[in-house]
Amino acid sequence: MLELFKEMHIIWVVTLIVVIAIMLFSSGFVQAGNTYQYQKQQAVFTKAEINLLKVLEQVVINPNLAIYGKIRVADILKPAIQKNANRKKWWSAFSKISQKHVDFVIVDKHDYSVVSVIELNDKSHNRKDRQDRDKFIRKAYASANIELVEIKAARHYFVSDLLGQFSETTQRKLQGNN
Numbered sequence: 190m191l192e193l194f195k196e197m198h199i200i201w202v203v204t205l206i207v208v209i210a211i212m213l214f215s216s217g218f219v220q221a222g223n224t225y226q227y228q229k230q231q232a233v234f235t236k237a238e239i240n241l242l243k244v245l246e247q248v249v250i251n252p253n254l255a256i257y258g259k260i261r262v263a264d265i266l267k268p269a270i271q272k273n274a275n276r277k278k279w280w281s282a283f284s285k286i287s288q289k290h291v292d293f294v295i296v297d298k299h300d301y302s303v304v305s306v307i308e309l310n311d312k313s314h315n316r317k318d319r320q321d322r323d324k325f326i327r328k329a330y331a332s333a334n335i336e337l338v339e340i341k342a343a344r345h346y347f348v349s350d351l352l353g354q355f356s357e358t359t360q361r362k363l364q365g366n367n
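Heads up, the sequence shown is in the numbering used here, so the first residue is 190 and it goes up one at a time.
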């Protein structure tokens with residue numbers, strides 16, 4: 190009788206484990222392979238970003254410069270504190286920039302150094318959280334001595350207006366008049 194009870198107990202435990210495993214896999218709690226589905230985005234840029242990029246390409250006529258889009262801020266800036274000097278402080282500073290991106294970056298093709306950073310400000314920049322982010326980003330770029338040009342989103346842009354938003358030094362670089 191004791192043997193029969195042990196066998197029944199084992200059967201119940203195994204059955205319970207199987208049922209729990211089935212429930213976990215079917216609920217998505219445990220993934221068996223890649224069960225997520227994805228779709229291709231229509232375009233890398235929004236319509237507003239495309240409109241701006243087309244005019245930026247006319248502003249940047251210097252063949253030694255290139256325009257890149259959707260670059261992580263952490264690929265442009267790094268914390269000024271040395272990582273080994275204060276790891277916690279370094280990670281704290283890094284985490285503030287690691288999840289943010291900038292709309293466009295103009296770089297020198299020879300060494301890929303940053304010439305200027307461009308942020309397209311649509312109406313979402315009127316929100317308090319975006320204004321706080323924008324203030325932080327302005328200070329971060331200023332502390333690294335990198336020009337940040339903020340352009341208000343519009344249906345149309347004019348080359349002369351866009352060019353005028355850059356510093357005179359940058360304007361000369363963009364036009365190939367170093």
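Using N, Cα and C, we set each Cβ at its ideal position, and we do this for glycine too.
So the candidates are Y346, Q360, V296; which of them puts its Cα closest to the Cα of L242? Y346
Considering only the alpha carbon of each residue, which of Q364, D323, T235, N315 lies closest to S349? Q364
Note down, in chain order, each residue of its chain lying with its Cβ closer than 7 Å to the Cβ of V248, except the 5 sequence neighbours on either side. V348, L351, L352, L363
According to DSSP, simplified to helix, strand and coil, what is E357? helix
Determine which residues share a DSSP beta bridge with I307 and list them. F293, V338
Within 10 angstroms of its Cβ, does S305 collect 16 or more other Cβ (buried), or is it exposed? buried
Residues bridged to R261 by DSSP? H290
Residue interval of the alpha helix (DSSP H) (run including N240): 236-248
Is L266 helix, strand or coil by DSSP? coil
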